[in-house]
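Numbering (this note's numbering), first residue to last: 895 to 1248.
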């Protein structure tokens, strides 16, 4: 309450940490910004973020995560945001939420607070579930569609990044934002960050520099050179929609023979095996020639049910002695699974230091 500054709260099923980092990168080129460190986004991390805020802070960015109903409501009452953004709403933590409607209700608690506070939201028009929880909010800056305040005009996919052309309703010119990120899901993250930075009166040139300088880290969409090949390490976390997005990224980026090392997705409740089987079918549809390696109880069962010739292991300890030989003939390798799988532990067995 001592700070009379914009406090931007961000939540969502996927992309909230990457979007937060991109926002920080773009805003801090011209503003003194304080943001959540890493993903300290729970009932301990949010208070710590606020208590560590320097007195000269001009903008605060507070990331908020949720594992159960009511979590976001508690966090907004601690952070008292003036602005809010929900990246997207999808299937995650279903073991605790029950279904995606439970996820939607909880993520929507951010907009409920901002509605009552007559505050401002950044609204992703590309996500119907997000739009549905944004009714009757007067101050609304939109992105993600041709009807929005900002929209993506064109995208050039590069070997190690993208060039994203973004238009703004209030300007005739289209600005190009180079980024070291890959994957269509990151286009939306960049667009969100640019939209916020423009609204906070940061110059286009400064935003371009901030977005271009941002490097993926913390096991999120990291491209790692490996003996003339490429590893896409995206092992920080996983849920059905982020897994599908990663599969599509392999389709865009891979040259030569591709392999997908997929770990279990946690907290999906009684439908977990069914959802893992759906993912394996999706991989076979999108990348019929790719090699699959499943790691974890549910992924192992899904491979046996949907793609029995492919390899599978119960855990990383079982996979580690074999992973180098399994991937020896591959040109592009995706490694992705839930945080509890810790699939980055495979990297030393490929000769890569972590």
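Yeah, the Cβ is synthetic: ideal placement off N, Cα and C, and Gly gets one too.
Quick caveat: nothing in here was measured; it's all calculated off a predicted structure.
Sequence-distant residues of its chain with Cβ nearer than 8 Å to residue i (five each side left out)
i            : result
residue 1009 : 1030, 1031
residue 1146 : 1051, 1076, 1077, 1078
residue 919  : 1087, 1104, 1105, 1107, 1108
residue 1131 : 1232, 1233
residue 1215 : 1243
residue 1043 : 1035, 1036, 1037, 1062, 1063, 1064, 1089
residue 1083 : 909, 912, 913, 916, 981, 1075
residue 866  : As shown, the chain starts at 895 and ends at 1248. That puts residue 866 outside it, with no answer to give.
Residue i versus the options, residue with shortest Cα-Cα distance
i            : options                : result
residue 979  : 1040, 932, 1088, 1235  : 1088
residue 1210 : 1244, 1184, 1179, 932  : 1244
residue 932  : 1181, 926, 955         : 955
residue 1108 : 1225, 922, 1232        : 922
residue 1122 : 982, 1189, 1223, 1011  : 1223
residue 967  : 957, 946, 919, 1002    : 1002
residue 1011 : 963, 935, 973, 1220    : 973
residue 1060 : 1234, 1054, 1039, 1246 : 1039
residue 934  : 926, 927, 962, 905     : 905
residue 970  : 940, 993, 995, 994     : 940
residue 1158 : 1191, 929, 1198, 1006  : 1191
residue 1140 : 1069, 1166, 1113       : 1113
residue 1189 : 1154, 994, 976, 1118   : 1154
residue 949  : 963, 942, 926          : 926
residue 990  : 1093, 1149, 1164, 1217 : 1164
residue 1235 : 1156, 957, 1007, 937   : 1156
residue 897  : 953, 1120, 1202        : 953
residue 1149 : 1168, 1021, 943, 1184  : 1184
Environment of residue i [buried if 16+ CB atoms lie within 10 Å]
i            : result
residue 907  : buried
residue 1067 : exposed
residue 1136 : buried
residue 1065 : exposed
residue 1180 : exposed
residue 929  : buried
residue 1182 : exposed
residue 1080 : buried
residue 1206 : buried
residue 1054 : exposed
residue 977  : buried
residue 1091 : buried
residue 1134 : buried
residue 959  : buried
residue 945  : exposed
residue 1144 : buried
residue 1177 : buried
residue 1166 : buried
residue 985  : buried
residue 901  : buried
residue 1070 : exposed
residue 1197 : buried
residue 993  : exposed
residue 1217 : buried
Close beta carbons around residue i, own chain, < 6 Å, minus the five adjacent residues each side
i            : result
residue 1017 : 1028, 1034, 1036
residue 1024 : 980, 983, 1018
residue 987  : 961, 1161
residue 1100 : 923, 924
residue 1045 : 1061
DSSP three-state assignment for residue i, whether helix, strand or coil
i            : result
residue 1123 : strand
residue 1146 : helix
residue 1116 : strand
residue 994  : helix
residue 1056 : strand
residue 1130 : coil
residue 1072 : strand
residue 966  : helix
residue 1190 : coil
residue 977  : strand
residue 1023 : helix
residue 961  : coil
residue 1009 : helix
residue 1044 : strand
residue 1050 : strand
residue 905  : strand
residue 925  : coil
residue 1241 : helix
residue 1169 : helix
residue 1018 : strand
residue 1217 : helix
residue 1141 : helix
residue 1106 : helix
Residue i CB to nearest heavy atom of the ligand MG below 7 Å
i            : result
residue 1062 : The ligand MG is not among the ligands present in this structure, which contains no ligands whatsoever.
Cut-off 7 Å between Cβ atoms - residues of its own chain near residue i, not counting five sequence neighbours on either side
i            : result
residue 1220 : 1187, 1205
residue 999  : 963
C-beta neighbour in chain B for residue i, strict 8 Å
i            : result
residue 1069 : In the structure shown, chain B does not exist; there is a single protein chain.
Any contact between the segment 1171 to 1179 and the segment 1229 to 1242? By contact I mean 3 or more CB pairs, one from each, below 8 Å.
The answer is no - the segment 1229 to 1242 does not touch the segment 1171 to 1179, with fewer than three Cβ pairs under 8 Å.
With three or more beta-carbon pairs closer than 8 Å as the criterion, would you say the segment 1104 to 1120 touches the segment 1197 to 1214?
No, they do not touch.
Per the contact definition of three or more C-beta pairs closer than 8 Å, is the segment 1127 to 1145 in contact with the segment 1222 to 1229?
By the Cβ rule, the segment 1222 to 1229 counts as touching the segment 1127 to 1145, because three or more pairs are nearer than 8 Å.
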